[in-house]
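In full-length UniProt numbering, the protein residues as written are 1 to 604. Cβ atoms here follow ideal geometry from the backbone N, Cα and C, with glycine treated the same way. Here's the structure we're looking at; comments come further down.
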């Protein structure tokens, strides 16, 4: 038999933190004893007393059994059994000693962690590192004094006071936590009520791409350009009082601008458009969203205007100093830029007519952009085109072209009316029958307008005004003033249909002119020939020389007569000569009471 003593030194097991944690103790207590409301102090005391009584009875029973066992056993104990019992006792003592040593080492390591944490953490156990932070235990040297009864009483009083103060602080912390919880609950209620209101108003609620924990609202236009789609997104934030606020990700909540249209004459601004009503100061999330939507619309409108203006540089459009400028007429221009609503309101103008013109242009630009959005939506509903290797063109929107077409068409029509009216006045002052009838934009205004799209469509195509000019001698000229800033006109043209019952029929028919000077000279020619036709029909002794504007009356050589009809921008004139003498002339400038043409011809 080997007399060596073999010991198994096993470290003292660490207690399981899960079994001693509060989250595991509470379910175990509830499973063993039921709800906590059934556990009282009296019942616990009764259980403790019953357990102590039961342990006393077990101890008395063991004492009574010991002599019997001793009597039944042999006088000499078995050495193997004795050695096994001693071995177990020794192992328990060693384990207790090791546990105490590890606890002392952890205590010293934790105490030193406040001074030298790097060295102290190397000797800590894993359980201590996970449950207790480094440097949480401190020490200080004190001088032990002999405490008296009064000092002990003071110490107890102080400890009770500290304990009472700690309980009061705990109670106040719980009350403040309950108050904060109630406030947070109220804020959450207000926030979600406002979110539901936004949803009920028809706005689209979505997730913010870079903030998954936040809710957003889409207020932009789905048919806007690719550069503008991301701008119509706002984040719904919760304010300090629980009311919902919105953060505009595209333009921000400050420095917002609107499109402004100005009319300039001789270098001075004489008219300007007014901005839309800004409800920034109004309360409510709906007004915030609507204002952000309006500013996003204004920003997209100006970008599309600038983009289209770059393609119309050959028609006089200029992008200078972040503004789009084009000529309206002689010494007059239209300026389109972006500025804040305060600057627009503070601008002082001098002409109410130009203010109305600027406001009309601004309204037309906004309507055309909305019409372009609707057209984009209709195109998206159609089947897509065939796939090709060429990229799909993305032309600019037609915003400036329809407006400039109307302005130029109106200007050219008024200029034509003025020149034609002058010719009519010359003929009337000479006692001749002449008239002018003008139908402006007859192809647009005569169309039945069923809805907004039909009204806007009628303004986007060819603009045509019809003028009927009746000259003496049954002459009639129908002039169509057509304007289109697109192929194949790129401007204004004048299509003239002339008819009469006299000579020169081979020169009549349909003629097209591209300038005011050309059509004006043609009408002057028509007036000259109509006067010649009038004279030949009223006085048969006069005959037209070939197809010119001259006439002759053949008689005696001394009485040879010749006259010439001339029409200029300022007058209608008749020049004549008798028998080869000096020329004489008479002019009609539109004044009333002048000598009639027939009387003049008969007096020659």
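Distance from the CA of residue 412 to the CA of residue 517, rounded to the nearest whole angstrom, comes to 11 Å. Taking a C-beta distance under 9 Å as the contact criterion, residue 271 and residue 194 do not qualify as a contact pair.
Shortest Cα-Cα distance from residue 284 to any of 315, 314, 245 and 269 involves 245. Rounded to whole angstroms, the separation of the alpha carbons of residue 369 and residue 301 is 7 Å. For residue 268, the number of other beta carbons within 10 angstroms of its own is below 16, and it is reported as exposed. For the 9 Å CB-CB criterion, residue 484 and residue 462 form a contact.
Straight through space, the alpha carbons of residue 198 and residue 256 are spaced by roughly 23 Å.
The alpha helix (DSSP H) runs lying completely inside the region 410 to 464 and spanning 4 residues or more are 442 to 445 and 452 to 460, given in chain order.
Taking 8 Å as the upper bound for CB-CB distance, residue 331 and residue 266 are in contact here, some 5 Å apart. Between residue 233 and residue 259, the gap from beta carbon to beta carbon reaches 9 Å or more. As the crow flies, the alpha-carbon of residue 325 is around 27 Å from that of residue 221.
As computed with DSSP, residue 319 is found in a beta bridge with 324. Beta-bridge annotation (DSSP): residue 339 is paired with 258.
For residue 161, the enclosing alpha helix (DSSP H) begins and ends at 149 to 200. Following the DSSP letters along the chain, one finds residue 363 inside the alpha helix (DSSP H) bounded by residues 352 to 381. When the Cα atoms are used, residue 537 and residue 551 turn out to be separated by approximately 12 Å. Residue 246 has 236 as its beta-bridge partners, per DSSP.
Of all C-beta pairs linking the region 526 to 537 to the region 470 to 483, three or more are shorter than 8 Å, placing the two stretches in contact. Going by C-alpha positions, residue 539 is about 37 Å away from residue 514. Leaving aside the five residues that flank residue 522 on each side, the residues in its chain whose CB is nearer than 7 Å to its CB run, in chain order, 496, 511 and 513.
C-alpha of residue 392 to C-alpha of residue 384: approximately 11 Å in a straight line. Listed in chain order, the non-local C-beta contacts of residue 123 below 7 Å within the same chain comprise 105 and 109, local neighbours out to five positions each way being set aside. When rounded, the separation of the alpha-carbon atoms in residue 604 and residue 316 is 54 Å.
In terms of CA proximity to residue 403, 365 leads the group 261, 365, 52 and 574.
Between the C-alpha atoms of residue 94 and residue 175 there is a straight-line separation of about 51 Å.
When rounded, the separation of the alpha-carbon atoms in residue 328 and residue 334 is 6 Å. In the DSSP assignment, the residues bridged to residue 470 are 435 and 476. When the Cα atoms are used, residue 459 and residue 395 turn out to be separated by approximately 19 Å. In the three-state DSSP reduction, residue 561 falls in the strand class (E or B). Shown here, residue 566 sits in a strand according to DSSP, grouped into three states.
Rounded to the nearest whole angstrom, the C-alpha separation of residue 90 and residue 97 is 10 Å. For residue 102, the closest alpha carbon among the candidates 358, 187, 596 and 128 is that of 128. By DSSP's assignment, residue 576 forms a beta bridge with 563 and 584.
At least 9 Å separates the beta-carbon of residue 456 from that of residue 416. Taken through DSSP and simplified to helix, strand or coil, residue 118 comes out as helix.
Its chain contains 438 and 479 as the residues whose beta carbon lies nearer than 6 Å to that of residue 467, once the 5 sequence neighbours on both sides are disregarded; these appear in chain order.
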